[in-house]
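Peer 1: Could you have a look at this structure, given as structure tokens, before my questions?
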Amino acid sequence: MWLPPPALEPRVDALPTGWPGDELRQEPRWVDDEPPAHVNEPLPAPPPLATLPAPVEASGPVVPEFMRAAQESARWNRPAVRTLLAVGSLLLAVALLLQVTLHFRDALSALHPPLKGPLQGLCSAFGCEVKPWRRIEALKIDSTTLSPVGSGNSYKLALTLANRANVAVAAPWIELKLTDASGAPLARRVFGPEALNPHLQQVPALSDQTLTLTFRTPGQAVSGYVVEAFYP
641 MWLPPPALEP RVDALPTGWP GDELRQEPRW VDDEPPAHVN EPLPAPPPLA TLPAPVEASG
701 PVVPEFMRAA QESARWNRPA VRTLLAVGSL LLAVALLLQV TLHFRDALSA LHPPLKGPLQ
761 GLCSAFGCEV KPWRRIEALK IDSTTLSPVG SGNSYKLALT LANRANVAVA APWIELKLTD
821 ASGAPLARRV FGPEALNPHL QQVPALSDQT LTLTFRTPGQ AVSGYVVEAF YP
């Protein structure tokens with residue numbers, strides 16, 4: 641009859657020399673210190689991310705730049721488009737020419753008398769009028785005289801108006817300034833062409849016109865005067 645072998649006792653070896661005994665061994669200790677104040681503070685919120693625009697999807701096929709330029713050039717070179725542009729340019733040129741003609745109608749009529757009839761017909765359609773050319777630099781007052789008339793405060797003004805231009809110009813208006821013995825202004829009078837000569841609407845080219853008029857003063861004695869020609 642077989643018996644089981646006896647159980648082996650665990651072998652206890654002695655600790656190597658130099659190891660501390662239980663009475664000298666110090667167990668590690670955990671020290672709970674107060675955490676810094678900033679540890680418990682909440683973290684700052686991250687900056688918002690920039691919103692990127694959504695990509696734009698092409699609605700159609702992408703055409704290269706040189707092909708788009710060729711298409712644009714072909715569109716403007718179509719016969720219908722070129723004809724329309726030519727007609728528009730012609731109409732603009734005619735409108736500009738018409739505007740310039742109406743603006744300088746008086747000068748054109750004076751410089752080119754045969755154009756007076758067509759210009760009058762053009763003005764009848766556009767509601768304007770062809771008048772004598774106003775060119776004040778062509779006129780000059782050569783001489784003036786002021787003399788009393790009768791025993792009252794009436795005076796007679798005589799002047800010679802000269803036109804130095806090669807064309808007839810419109811008759812001007814006359815401004816008369818009266819002064820006393822000290823040079824202080826007494827009165828200012830303005831006379832239209834009809835007051836100087838009822839039949840004088842324009843001054844012929846290279847001519848002198850003698851004009852006279854009579855007027856009364858408000859009662860002061862007149863010692864000096866100034867005469868000027870102008871267009872209102």
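For what it's worth, my numbering labels the leading residue of the sequence shown as 641, then goes sequentially.
Ideal Cβ placement from N, Cα and C applies to all residues, glycine included.
Because the structure is a prediction, the values reported are computed rather than measured.
(1) Could you pull out every residue in the same chain whose Cβ sits closer than 8 Å to the Cβ of L748, ignoring the five residues on either side in sequence?
(2) If you run the structure through DSSP and keep just helix, strand and coil, what is W716?
(3) Taking Cβ positions, are L799 and V862 nearer each other than 8 Å?
(4) Checking 8 Å against the spacing of the C-beta atoms, do D746 and V770 come in under that value?
(5) Pick out the complete beta strand (DSSP E) segments inside the region 799–824, 3 residues or longer, and give them in chain order.
(6) Within 8 Å, do at least three Cβ pairs link the region 786–794 to the region 827–845?
(7) How many Å lie between L853 and P872 at the Cα?
(8) In three-state terms, what does DSSP make of G790?
(9) Check T774 in the structure and name its three-state DSSP category.
(10) If we ignore side chains and look at the alpha-carbon of each, how far apart do W716 and A765 end up?
(11) For A845, which of helix, strand or coil comes out of DSSP?
(12) Work out the CA separation of V721 and V830 for me, nearest whole Å.
(13) Which runs of the alpha helix (DSSP H) at least 4 residues long sit entirely within the region 701–769? Give them in chain order.
Peer 2: On the basis of the supplied data:
(1) Within the sequence shown, residue 748 is the residue found at index 108, counting from 1. Answer for L748: T741, L755 and L759, listed in chain order.
(2) By one-based count along the sequence shown, residue 716 stands at place 76. Residue state, collapsed to three classes: helix.
(3) As a first step, residue 799 must be located in the sequence shown, where it is residue number 159. As a first step, residue 862 must be located in the sequence shown, where it is residue number 222. The Cβ atoms of L799 and V862 lie no closer than 8 Å to each other.
(4) Position 106 of the sequence shown holds residue 746. Position 130 of the sequence shown holds residue 770. The Cβ atoms of D746 and V770 sit closer than 8 Å to each other.
(5) Complete beta strand (DSSP E) runs here, min 3: 813–819.
(6) As far as the Cβ criterion goes, the region 827–845 does not touch the region 786–794, which means the pair count is below three.
(7) Numbered from its first residue, the sequence shown carries residue 853 at position 213. Numbered from its first residue, the sequence shown carries residue 872 at position 232. Going by C-alpha positions, L853 is about 19 Å away from P872.
(8) Counting from 1 along the sequence shown, the entry for residue 790 is found at position 150. Looking at G790 - three-state DSSP - the assignment turns out to be coil, as it is neither helix nor strand.
(9) Counting from one through the sequence shown, the residue named residue 774 turns up at place 134. According to the sequence displayed, residue 774 carries Arg and not Thr. R774 falls in the coil class under three-state DSSP.
(10) Taking the sequence shown and counting its residues from 1, the one referred to as residue 716 is at position 76. Taking the sequence shown and counting its residues from 1, the one referred to as residue 765 is at position 125. Straight-line Cα distance between these residues: approximately 37 Å.
(11) For the purposes of this step, residue 845 is taken as residue 205 along the sequence shown, with counting starting at 1. Under the three-state reduction of DSSP output, A845 falls in the coil class, being neither helix nor strand.
(12) Sequence index remark: in the sequence shown, residue 830 carries index 190 (1-based). Sequence index remark: in the sequence shown, residue 721 carries index 81 (1-based). Using only the alpha carbons, I get a separation of about 60 Å.
(13) Listed in chain order, they are 705–716, 719–743, 745–751 and 756–766.
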